[in-house]
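Here's the structure we're looking at; comments come further down.
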Amino acid sequence: MSPNTSRDAGQAHLDTYLHQIQRHLGGLPDAEARETIAELRSHVLDKVAGDHSVRAIEAAIEELGSPREVARLNVTERVAAELETNRSPWRVLSAIGRLASLSAYGVFAFLVSFSGYAFAAACLITAAVKPFNPRRAGLWRQSEDSYSWMLGVTDHTQTGRELLGWWIVPIGLGLGLLLGWLTWRFGIFSVRRMRRTARGGRA
Amino acid sequence: MNDQREPSLDELGKWEIQVRKGGLGLAVLAVLWPEKLYGLEILRRLHSQAGMSIPEGTIYPLLSRMKAEGLVDSEWVEADAGHPRKYYRLTAPGRGRVREMAQSWRAFATGLERLLAPLEGASK
Numbered sequence: 003m004s005p006n007t008s009r010d011a012g013q014a015h016l017d018t019y020l021h022q023i024q025r026h027l028g029g030l031p032d033a034e035a036r037e038t039i040a041e042l043r044s045h046v047l048d049k050v051a052g053d054h055s056v057r058a059i060e061a062a063i064e065e066l067g068s069p070r071e072v073a074r075l076n077v078t079e080r081v082a083a084e085l086e087t088n089r090s091p092w093r094v095l096s097a098i099g100r101l102a103s104l105s106a107y108g109v110f111a112f113l114v115s116f117s118g119y120a121f122a123a124a125c126l127i128t129a130a131v132k133p134f135n136p137r138r139a140g141l142w143r144q145s146e147d148s149y150s151w152m153l154g155v156t157d158h159t160q161t162g163r164e165l166l167g168w169w170i171v172p173i174g175l176g177l178g179l180l181l182g183w184l185t186w187r188f189g190i191f192s193v194r195r196m197r198r199t200a201r202g203g204r205a
Numbered sequence: 003m004n005d006q007r008e009p010s011l012d013e014l015g016k017w018e019i020q021v022r023k024g025g026l027g028l029a030v031l032a033v034l035w036p037e038k039l040y041g042l043e044i045l046r047r048l049h050s051q052a053g054m055s056i057p058e059g060t061i062y063p064l065l066s067r068m069k070a071e072g073l074v075d076s077e078w079v080e081a082d083a084g085h086p087r088k089y090y091r092l093t094a095p096g097r098g099r100v101r102e103m104a105q106s107w108r109a110f111a112t113g114l115e116r117l118l119a120p121l122e123g124a125s126k
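From first to last, the protein sequence lines stand for chains P and D. Start counting at 1 in the first sequence, then tack on 2, and there's your number in this note's numbering. Start counting at 1 in the second sequence, then tack on 2, and there's your number in this note's numbering.
In C-alpha cells form, the structure reads like this:
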C-alpha cells in the first residue's frame with residue numbers, strides 16, 4: 003500500500019469514528035457538537051504525530067473510547083452542568099429528554115418523569131377546575147364491573163360513579179404537588195446517576 | 003489466603019480511583035497555571051508531573067464543564083502540525099478558584115500527614 007493510500011485509509015477510518023460520535027451528540031447544540039468533533043479530530047491527529055496509517059489511528063481512538071462512550075460522557079457532563087445552574091421542572095424534564103437516547107436507564111427515566119409530571123398536572127388541574135365546574139371535573143369509575151378510571155376535566159358529563167366528590171380539591175392539590183416534587187427530585191437524581199455511570203465507564 | 007487478599011486490593015483500587023477523581027479538577031486547573039495548553043498536552047503533563055493517568059476521553063467533557071463555569075477560556079490556534087489545536091487558559095475567576103482549592107487541599111494534606119506520622123515506623 004502506498005503512503006498516500008495508507009494515509010487516505012487512516013483518514014477515512016477517523017472520519018467514520020467521528021461520524022459515529024456525532025450521531026450520538028444530539029443532546030448538544032449543533033455548534034457545540036461540531037466543536038467537540040473538531041477537538042477530538044485534533045486530539046487524534048496530535049496523538050498519531052504524522053503517522054496516519056489505519057493502525058496508528060485505530061490505536062489513538064482506542065484510547066479515547068467507543069463512539070457511544072465518548073458521546074455519552076460529553077452529553078451527560080454538559081447536561082448535568084447546565085442542570086446545576088437551573089433546576090426548574092421544565093429544565094429537568096428537558097435534560098432527561100436529551101439523555102434518553104443514550105442508555106436504557108435514560109429511556110426509563112424519561113418515561114417515569116413524563117408520566118409523573120402528566121399525572122401531577124392532571125391532579126392539579128382537576129382540583130383547580132372542580133370549584134368552577136363540579137360536574138365535569140373529578141375522578142370517576144366508568145362502571146362497577148371494570149377497572150376503567152377517569153381523572154381530569156371532560157367536555158361532557160360523566161356517566162360513571164364519581165369518587166371523592168369535593169375531596170378531590172384538597173387531595174388533588176396535595177397529591178399533585180407531592181407527585182410533581184417527587185418527579186422533579188427523581189429527574190435530578192437520574193441526571194446525576196447517568197453522569198456517575200458515564201464517568202465510571204471510563205474510570 | 004488469596005481469597006482474603008483480593009477483595010482488599012480491589013477496595014484499595016477503588017479508593018485510589020476516588021482520591022484521584024477528587025483531585026483531578028484541581029490538577030487540571032493547576033497544570034494550566036503557568037501557560038495555555040491543549041488537551042493532549044494537559045494529559046501528558048498530568049502523567050509526567052503528577053503520575054496521573056486518566057482516560058483520554060474524560061478530559062474534554064471536564065474542560066467543557068470548566069469553561070461553562072467560567073474557570074477556563076479556550077481559543078483555536080493554527081499549529082505547525084498542520085491542524086488547528088484548541089488551547090485552554092485559566093480565567094481570572096479560574097485563578098482565584100485554583101488558589102482556594104490549593105489552600106484547601108494543603109490544609110487537608112497537612113492534617114492527614116499528622117495523622118499518618120505514627121505509621122512511618124510501623125510500615126518499615
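We put the CB at the ideal spot given by N, CA and C, even for glycine.
Rounded to whole angstroms, what is the Cα-Cα separation between Lys-16/D and Ala-29/D?
Here residue 16/D is taken as the residue at index 14 of the second sequence, counted from 1. Here residue 29/D is taken as the residue at index 27 of the second sequence, counted from 1. Cα to Cα, the separation comes out at about 19 Å.
State whether the stretch 83–93 of chain P contacts the stretch 82–90 of chain D, with contact taken as three or more CB pairs (one from each stretch) at a distance under 8 Å.
The stretch 83–93 of chain P vs the stretch 82–90 of chain D: no contact.
Run down chain D in chain order and give the residues with a C-beta less than 7 Å from the C-beta of Val-72/P.
For the purposes of this step, residue 72/P is taken as residue 70 along the first sequence, with counting starting at 1. In chain order: Gly-59.
Please name the residue in Ser-105/P, Asp-147/P and Phe-112/P whose C-alpha comes closest to that of Gly-99/P.
Stepping through the first sequence from its first residue, residue 99/P is reached at position 97. Comparing Cα positions, the closest option is Phe-112/P.
Identify the contact partners of Leu-28/D in chain P, using a Cβ-Cβ distance below 8 Å as the criterion.
Position 26 of the second sequence, counting from 1, holds the residue named residue 28/D. Neighbours of Leu-28/D on chain P: none; closest Cβ ~17 Å, over 8 Å.
On the DSSP letters alone, give me the boundaries of the alpha helix (DSSP H) that Ala-111/D sits inside.
Counting from 1 along the second sequence, the entry for residue 111/D is found at position 109. Unbroken alpha helix (DSSP H) run through Ala-111/D: 94–118.
Provide the residue span of the beta strand (DSSP E) that contains Asp-75/D, from first to last.
Position 73 of the second sequence, counted from the first residue, corresponds to residue 75/D. Segment 74–80, the beta strand (DSSP E) holding Asp-75/D.
With DSSP run on the structure shown, which of helix, strand or coil describes Trp-169/P?
Taking the first residue of the first sequence as position 1, residue 169/P is located at position 167. Note: Trp-169/P maps to helix in three-state DSSP.
Do Leu-30/P and Arg-80/P have their CB atoms nearer than 8 Å?
Here residue 30/P refers to the residue found at position 28 of the first sequence. Here residue 80/P refers to the residue found at position 78 of the first sequence. For Leu-30/P and Arg-80/P, yes; Cβs fall inside 8 Å.
Please confirm if Thr-38/P has its CB atom under 8 Å from at least one CB of chain D.
Counted from its first residue, the first sequence places residue 38/P at position 36. Yes - at least one Cβ of chain D is within 8 Å of the one on Thr-38/P.
Could you check what DSSP says for Ala-122/P in three-state terms: helix, strand or coil?
Locating residue 122/P in the first sequence gives position 120, where the first residue counts as 1. Looking at Ala-122/P - three-state DSSP - the assignment turns out to be helix.
Could you give the residue range of the beta strand (DSSP E) that holds Trp-151/P?
Locating residue 151/P in the first sequence gives position 149, counting from the first residue. Element bounds for Trp-151/P: 151–155.
Going by DSSP in three states, Trp-142/P sits in which element: helix, strand or coil?
On the first sequence, position 140 is the one that residue 142/P refers to. DSSP places Trp-142/P in strand when its eight states are reduced to three.
Below 8 Å, can you find three or more Cβ-Cβ pairs linking the stretch 70–82 of chain D to the stretch 49–60 of chain P?
The stretch 70–82 of chain D is not in contact with the stretch 49–60 of chain P.
Run the CB neighbour count on Asn-135/P, radius 10 Å, all protein chains shown included, and call it buried at 16 or more, exposed below.
For this step, residue 135/P is matched to residue 133 along the first sequence. Burial call: exposed.
Could you name each continuous beta strand (DSSP E) segment of 3 residues or more that falls completely within the stretch 8–95 of chain P, going from the start of the chain to the end?
The qualifying runs do not exist here; there are none.
Would DSSP call Arg-137/P helix, strand or coil?
Within the first sequence, numbered from 1, the residue matching residue 137/P stands at position 135. In the structure shown, Arg-137/P sits in coil (DSSP, three-state: anything other than H, G, I, E or B).
Lys-88/D by DSSP, collapsed to three states: which one?
Numbered from its first residue, the second sequence carries residue 88/D at position 86. In this structure, Lys-88/D counts as strand in the three-state DSSP scheme.
Relative to the C-alpha of Arg-74/P, which residue among Tyr-107/P, Thr-7/P and Gly-154/P is closest?
Within the first sequence, the letter at position 72 stands for residue 74/P. Checked all of Tyr-107/P, Thr-7/P and Gly-154/P; the closest Cα to Arg-74/P is Tyr-107/P.
By how many angstroms is the C-alpha of Ala-102/P removed from the C-alpha of Leu-48/D?
The residue given as residue 48/D occupies position 46 in the second sequence. The residue given as residue 102/P occupies position 100 in the first sequence. Each residue's alpha carbon lies about 34 Å from the other.
Excluding the five sequence neighbours on either side, which residues of its own chain have a C-beta within less than 6 Å of the C-beta of Gly-154/P, listed in chain order?
Walking along the first sequence from the start, residue 154/P turns up at place 152. So the qualifying residues of the chain are Ala-124 and Thr-128.
Along the chain, where does the alpha helix (DSSP H) containing Glu-43/D start, and where does it finish?
Within the second sequence, residue 43/D is the residue found at index 41, counting from 1. Counting along the chain, the alpha helix (DSSP H) containing Glu-43/D begins and ends at 41–52.
Need the endpoints of the alpha helix (DSSP H) that Leu-65/D sits in, please.
Start at 1 with the first residue of the second sequence, and residue 65/D comes out as number 63. Where Leu-65/D is concerned, the enclosing alpha helix (DSSP H) stretches over 61–70.
Taking the straight line between their C-alpha atoms, what separation do you get for Ser-76/P and Leu-34/D?
Mapped onto the first sequence, residue 76/P falls at position 74. Mapped onto the second sequence, residue 34/D falls at position 32. A small correction: the amino acid at residue 76/P is Asn; Ser does not occupy that position in the sequence shown. Computed Cα separation, rounded: 21 Å.
Is DSSP giving Glu-37/D helix, strand or coil here?
Here residue 37/D refers to the residue found at position 35 of the second sequence. In the structure shown, Glu-37/D sits in coil (DSSP, three-state: anything other than H, G, I, E or B).
Would Pro-86/D pass as an interface residue toward chain P - the criterion being a Cβ-Cβ separation below 8 Å?
The count along the second sequence starts at 1 and reaches residue 86/D at position 84. With 8 Å as the cut-off, Pro-86/D counts as an interface residue toward chain P.
Alpha carbon to alpha carbon, how far is Ser-115/P from Leu-85/P?
Counted from its first residue, the first sequence places residue 115/P at position 113. Counted from its first residue, the first sequence places residue 85/P at position 83. Between Ser-115/P and Leu-85/P, the C-alpha separation is close to 15 Å.
Our contact map puts Val-46/P next to Ile-63/P with C-beta atoms below 8 Å; I'd like the distance itself, whole angstroms only.
Taking the first sequence and counting its residues from 1, the one referred to as residue 46/P is at position 44. Taking the first sequence and counting its residues from 1, the one referred to as residue 63/P is at position 61. So it is a contact: roughly 6 Å between Cβ atoms.
With distances taken between CB atoms, is the gap from Ala-69/P to His-15/P smaller than 8 Å?
Counting from one through the first sequence, the residue named residue 69/P turns up at place 67. Counting from one through the first sequence, the residue named residue 15/P turns up at place 13. Just to set this straight, residue 69/P is Pro in the shown sequence, not Ala. For Pro-69/P and His-15/P, no; Cβs fall outside 8 Å.
Within the chosen definition, does the stretch 52–62 of chain D reach the stretch 33–47 of chain P through at least 3 CB pairs nearer than 8 Å?
Yes, they touch.
Below 8 Å between beta carbons: does that hold for Gly-189/P and Glu-164/P?
Numbered from its first residue, the first sequence carries residue 189/P at position 187. Numbered from its first residue, the first sequence carries residue 164/P at position 162. No.
Find the nearest neighbour of Pro-36/D within the set Lys-88/D, Leu-26/D, Glu-77/D and Gly-96/D, judged by alpha-carbon distance.
Position 34 of the second sequence, counting from 1, holds the residue named residue 36/D. Of the candidates Lys-88/D, Leu-26/D, Glu-77/D and Gly-96/D, the one whose C-alpha sits nearest the C-alpha of Pro-36/D is Gly-96/D.
Count the other CB atoms within 10 Å of the CB of Arg-187/P; is the residue buried (16 or more) or exposed (fewer)?
Here residue 187/P refers to the residue found at position 185 of the first sequence. Classification for Arg-187/P: exposed.
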